[in-house]
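Below is one structure; the comments refer to it alone.
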Amino acid sequence: MLPVAAMFGYSVSVIHIYGIYPYILPVTKEFGWTRGQFTGAFTFAILVQALLAVPVGMLVDRFGSRRLGLAGVVLVCLGFALFSTSSGSLTNWYLMWGIMTLVALPVQATVWTSAVATRFTASRGTAFAITLCGASVAQFVFPPLATRLIGDYGWRTAFVWHGLIWMAVVLPVVFLFFRGARDAGRTAKASPLPRPPAASGVGFRDGLRSPVYVRLLLASLFFTFTIVALNYQFMPILAGWGIEPTRAAWLASLIGLSSVVGRLVTGYLIDRFRASHVGAIVFLLPIIAVLMLLFGEDYAPAPALVAIMLGLTLGAEVDVIVYLTTRFFGLNSFGALYGGLLAALSTGTAIGPLAASLIFDATGRYDRFFWLAIALLLLSSAALFSLPKPADIEEDTSV
Numbered sequence: 006m007l008p009v010a011a012m013f014g015y016s017v018s019v020i021h022i023y024g025i026y027p028y029i030l031p032v033t034k035e036f037g038w039t040r041g042q043f044t045g046a047f048t049f050a051i052l053v054q055a056l057l058a059v060p061v062g063m064l065v066d067r068f069g070s071r072r073l074g075l076a077g078v079v080l081v082c083l084g085f086a087l088f089s090t091s092s093g094s095l096t097n098w099y100l101m102w103g104i105m106t107l108v109a110l111p112v113q114a115t116v117w118t119s120a121v122a123t124r125f126t127a128s129r130g131t132a133f134a135i136t137l138c139g140a141s142v143a144q145f146v147f148p149p150l151a152t153r154l155i156g157d158y159g160w161r162t163a164f165v166w167h168g169l170i171w172m173a174v175v176l177p178v179v180f181l182f183f184r185g186a187r188d189a190g191r192t193a194k195a196s197p198l199p200r201p202p203a204a205s206g207v208g209f210r211d212g213l214r215s216p217v218y219v220r221l222l223l224a225s226l227f228f229t230f231t232i233v234a235l236n237y238q239f240m241p242i243l244a245g246w247g248i249e250p251t252r253a254a255w256l257a258s259l260i261g262l263s264s265v266v267g268r269l270v271t272g273y274l275i276d277r278f279r280a281s282h283v284g285a286i287v288f289l290l291p292i293i294a295v296l297m298l299l300f301g302e303d304y305a306p307a308p309a310l311v312a313i314m315l316g317l318t319l320g321a322e323v324d325v326i327v328y329l330t331t332r333f334f335g336l337n338s339f340g341a342l343y344g345g346l347l348a349a350l351s352t353g354t355a356i357g358p359l360a361a362s363l364i365f366d367a368t369g370r371y372d373r374f375f376w377l378a379i380a381l382l383l384l385s386s387a388a389l390f391s392l393p394k395p396a397d398i399e400e401d402t403s404v
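Position one of the sequence shown corresponds to residue 6 (our numbering), numbered consecutively onward.
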């Protein structure tokens with residue numbers, strides 16, 4: 006049950022990423038903002054999260070995941086509901102996102118994956134895939150949920166119900182079932198079982214100096230820059246194609262459904278084949294979706310096909326990167342080292358949507374961003390394909 010509980014917890018960590026799409030058009034329409042103005046605060050928030058990713062990873066290594074995760078679930082859902090108080094001032098909007106930045110720190114991916122890494126070895130790729138399906142669940146549930154709430158109650162009340170509903174779903178699951186090996190060692194003070202031995206692997210400073218780590222950073226940055234931007238702008242793109250909001254929301258949820266399949270297949274493959282090569286192939290797949298966005302507007306099945314292709318690769322970068330981190334560097338400084346990679350993932354997440362929004366504001370189209378996306382996807386794939394085969398590292402884990 007640990008990977009399933011971690012999956013639900015991880016879904017909370019992306020509520021302000023995958024849950025914000027349906028609010029772009031109603032909020033910008035009411036306040037008269039450009040898409041760049043709306044997205045600028047999002048970019049600011051995610052960049053701050055990126056800067057703090059390594060310290061949070063160190064906290065996880067020291068204190069365990071459970072306490073951070075439980076507090077974070079409550080704080081993030083309430084922080085998302087707080088968007089309902091936005092006044093129309095950009096200063097106020099940035100303040101709301103500043104609060105969201107702080108409350109989202111205890112639920113970032115490091116918290117959930119660290120706990121899973123302490124319990125799984127032989128099937129770690131599959132366990133990570135299940136955990137990181139939380140983003141897929143979010144992508145599947147949030148667009149139609151938010152669109153329905155906005156249609157029934159308006160965007161302000163929708164923010165409140167959106168946050169509270171998801172907290173009610175996730176908090177009991179995390180409370181009952183989310184415990185890593187290190188958390189168990191802390192909570193079972195009276196247990197006759199010995200404390201789990203210290204994890205082995207590469208130290209934090211040695212890991213940072215590794216050329217492998219640099220390539221993982223670049224692959225993380227370039228891929229999330231493109232894939233998150235394409236997902237963030239998916240509903241506005243469909244609106245530009247004349248597709249009404251309810252249908253666009255269900256097409257966006259198709260991304261999440263396809264992502265579950267993509268994550269599980271990716272997890273299965275990286276457990277059985279060379280993970281860097283599997284990742285390199287997966288990182289090329291969104292190019293098909295980008296080409297359809299460039300040339301397929303008049304092709305009726307194009308929106309659904311784009312959603313499926315984006316979904317099959319959505320989050321694959323996290324599955325692949327977190328797996329490769331454990332295989333190249335072990336668990337000794339996993340939280341801190343993955344925190345650095347999470348900073349790169351978060352930076353791409355932050356600046357990709359803003360770049361796409363600014364290009365649209367300047368040109369009225371996304372075509373220039375699509376060509377940039379193709380180039381960055383090729384570079385991210387090449388960075389993974391060039392990785393050496395990881396050396397075996399002994400790990401003290403329980404499964």
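From the three backbone atoms N, C-alpha and C, an ideal C-beta is built for every residue, glycine too. Keep in mind that this is a model prediction, so the values were computed, not measured.
Through-space distance from residue j to residue i, alpha-carbon basis
i      : j      : result
Ala285 : Gln42  : 34 Å
Gly247 : Leu319 : 25 Å
Val404 : Thr126 : For Val404, the predicted model reports a pLDDT of 42, less than 50, meaning its position is unreliable; a value from the coordinates is still stated below. Going from the Cα of Val404 to the Cα of Thr126 covers about 6 Å.
Thr115 : Ala58  : 8 Å
Leu382 : Glu322 : 11 Å
Ser215 : Gly345 : 13 Å
Val19  : Ile29  : 16 Å
Phe182 : Phe333 : 29 Å
Leu150 : His167 : 7 Å
Leu44  : Glu302 : With the sequence shown as reference, residue 44 is identified as Thr, and Leu is not the correct amino acid for it. Approximately 25 Å between the Cα atoms of the pair.
Phe147 : Phe227 : 25 Å
Asn236 : Leu95  : 24 Å
Tyr23  : Gly357 : 14 Å
Val78  : Val165 : 15 Å
Gly316 : Ala360 : 21 Å
Leu4   : Met240 : The structure shown does not extend to residue 4, since the chain spans only 6 to 404, so no value can be given for it.
Val283 : Ser91  : 43 Å
Met5   : Glu35  : Nothing about residue 5 can be reported from this structure: the residues present for the chain run from 6 to 404 only.
Leu100 : Val108 : 13 Å
Ser281 : Leu223 : 14 Å
Thr136 : Tyr15  : 7 Å
Ala163 : Phe85  : 10 Å
Val112 : Arg373 : 34 Å
Ser264 : Leu213 : 31 Å
Thr39  : Thr33  : 6 Å
Three-way DSSP call (helix, strand, coil) for residue i in this model
i      : result
Pro250 : helix
Ala380 : helix
Ser405 : With the chain represented from 6 up to 404, any question about residue 405 goes unanswered, as that position is not in the structure.
Ala361 : helix
Ala128 : Per the sequence shown, residue 128 should be read as Ser rather than Ala. The answer is coil: DSSP assigns Ser128 none of H, G, I, E or B.
Glu302 : coil
Arg184 : coil
Ile326 : helix
Tyr371 : coil
Pro199 : Its pLDDT being 41, under 50, Pro199 is placed unreliably in this model, and the coordinates cannot settle the point.
Phe145 : helix
Arg72  : helix
Gly24  : coil
Gln113 : coil
Gly267 : helix
Gln238 : coil
Phe85  : helix
Leu57  : coil
Trp255 : helix
Assigned exposure category for residue i - 16 Cβ within 10 Å defines buried
i      : result
Trp160 : buried
Trp102 : buried
Asn97  : exposed
Arg210 : exposed
Trp376 : exposed
Leu298 : buried
Leu80  : buried
Asp366 : exposed
Asp157 : exposed
Arg370 : exposed
Met6   : exposed
Phe145 : buried
Gly93  : exposed
Arg252 : exposed
Thr48  : buried
Pro60  : exposed
Thr368 : exposed
Gly335 : buried
Arg268 : buried
Below-8 Å beta-carbon distance, residue i vs any chain C residue
i      : result
Cys138 : Among the chains of the structure shown, chain C does not appear; only one protein chain is present.
- So does the stretch 386-395 actually touch the stretch 321-335, counting three or more Cβ pairs closer than 8 Å? Contact check between the stretch 386-395 and the stretch 321-335: three or more CB pairs, one atom from each, fall below 8 Å, which counts as touching.
- Taking three-plus beta-carbon pairs below 8 Å as touching, is the stretch 350-367 in contact with the stretch 49-61? The stretch 49-61 and the stretch 350-367 touch, with three or more beta-carbon pairs separated by less than 8 Å.
- When the Cβ atoms of the stretch 276-294 are set against those of the stretch 230-238, are three or more pairs found closer than 8 Å? With contact defined as three or more Cβ pairs closer than 8 Å, the stretch 276-294 and the stretch 230-238 are in contact.
- Should the stretch 270-278 be called in touch with the stretch 126-144, which here means at least 3 C-beta pairs below 8 Å? Verdict: yes, contact present.
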